[in-house]
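Reviewing the structure listed below.
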Amino acid sequence: MSILHAIILAIIEGLTEFLPVSSTGHMIIYSSLVGISKSEFTKLYTINIQFGCIISVLVLYRRRFLQTTDFYLKLFVAFLPAAVIGFLLNDFIDSLLENVTVVAITLLLGGILLIYIDKIFKQIPRDYDVTFPEALKIGFYQCIAMIPGVSRSAATIIGGMAQGLTRKQAAEFSFFLAVPTMAAATGYKLLKSYKTIQSDDIQVLLIGNAIAFVVGLIAIRGFVGFVTKYGFKVFGYYRIALGLLLLGLIAAGVKLDVV
1 MSILHAIILA IIEGLTEFLP VSSTGHMIIY SSLVGISKSE FTKLYTINIQ
51 FGCIISVLVL YRRRFLQTTD FYLKLFVAFL PAAVIGFLLN DFIDSLLENV
101 TVVAITLLLG GILLIYIDKI FKQIPRDYDV TFPEALKIGF YQCIAMIPGV
151 SRSAATIIGG MAQGLTRKQA AEFSFFLAVP TMAAATGYKL LKSYKTIQSD
201 DIQVLLIGNA IAFVVGLIAI RGFVGFVTKY GFKVFGYYRI ALGLLLLGLI
251 AAGVKLDVV
């Protein structure tokens, strides 16, 4: 993987991690189109640059992360389902990360759901925060995003709105939940692969995380304002268009799976 590809992947990660369009799906698509090999470092890199996005959430919402222990306990409860299921199905999830067909189908189905999400879950303004049972339910929704193309952001936002949260509340809780979830994924992958990291790889990882951090800051700020005002339809149409394009290319015989 060249430094140019690493930079572009970091931009894709920072831009799409917090949007309901699937950052993993977009990185798989890009890797397929430009022929990035599925080396151990490539897999490590695409997960490790999530750390830059974690820092962007902590910077933007630093006051929320200086709250009572109740806040952290709710994040822990919401994180538990992904921690357990992700650990048990790690090898199976890794195998799906190479399949563009799976990404195309989940992009399409998720897009249809996002178009109608505001009609399915009516917004009722509420002053109180997420409860522990709601946090656990949102955590199970997040597990659906282990399928590439689903989008962790989309799954948790839909889970939040299903519990009665407004668009903004659901989006922000999705950001908060991203911190322990992505930290665990990054740490686990590093623990498994650190012996294979070369000295040159460290520089690439640092550059990638720095870019993901800056782009993540911009994406979060823009997304909250946009979705609060306009909802999720535009993201739904985008997902459907991209999913249909990929399925069309696959049907035409274009080989897209990561090699």
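For the sequence shown, the UniProt record's numbering begins at 1 and goes up steadily by one. By construction, the Cβ of each residue, glycine as well, lies at the ideal position given by its N, Cα and C atoms. Note that the structure is predicted; figures quoted are calculated from it, not measured.
Spatial neighbours of residue i in its chain, beta-carbon cut-off 7 Å, leaving aside the 5 residues before and after
{"i": "residue 260", "result": "Given a span of 1 to 259 for the chain in the structure shown, any question on residue 260 remains unanswerable."}
{"i": "T228", "result": "R167 and K168"}
Inter-residue CB distance, residue i and residue j (contact presumed, cutoff 8 Å)
{"i": "S56", "j": "G216", "result": "3 Å"}
{"i": "G25", "j": "L80", "result": "Rounded, the Cβ-Cβ distance is 25 Å, inconsistent with contact."}
{"i": "G111", "j": "G231", "result": "Rounded, the Cβ-Cβ distance is 13 Å, inconsistent with contact."}
Endpoints, the alpha helix (DSSP H) within which residue i is located
{"i": "E17", "result": "Taken as a continuous stretch (DSSP letters only), E17 belongs to no alpha helix (DSSP H), as it is neither H nor E."}
{"i": "S23", "result": "S23 to V34"}
{"i": "Y128", "result": "Careful: Y128 lies outside any alpha helix (DSSP H) and carries neither H nor E."}
{"i": "F235", "result": "K233 to A251"}
{"i": "Q142", "result": "F132 to C143"}
{"i": "K195", "result": "Careful: K195 lies outside any alpha helix (DSSP H) and carries neither H nor E."}
Three-state class that DSSP yields for residue i in the structure shown
{"i": "R62", "result": "coil"}
{"i": "Q163", "result": "coil"}
{"i": "L89", "result": "coil"}
{"i": "N99", "result": "coil"}
{"i": "Q203", "result": "helix"}
{"i": "P148", "result": "coil"}
{"i": "Q67", "result": "coil"}
{"i": "I8", "result": "helix"}
{"i": "Q123", "result": "coil"}
Cβ neighbour criterion (16 or more within 10 Å) applied to residue i
{"i": "V102", "result": "buried"}
{"i": "I202", "result": "exposed"}
{"i": "E40", "result": "exposed"}
{"i": "I218", "result": "exposed"}
{"i": "G159", "result": "buried"}
{"i": "I3", "result": "exposed"}
{"i": "V34", "result": "exposed"}
Residues near residue i in its chain [Cβ-Cβ closer than 8 Å; skip 5 each side]
{"i": "R221", "result": "L60"}
{"i": "H48", "result": "Reading off the sequence shown, one finds Asn at residue 48, where the question assumed His. If we look at N48 and ignore the five residues flanking it on each side, its Cβ neighbours are T186, K189, L190, L205, G208 and N209."}
{"i": "L177", "result": "L75, A78, F79, I138, G139, Q142 and T156"}
Close beta carbons around residue i, own chain, < 6 Å, minus the five adjacent residues each side
{"i": "T16", "result": "S23 and H26"}
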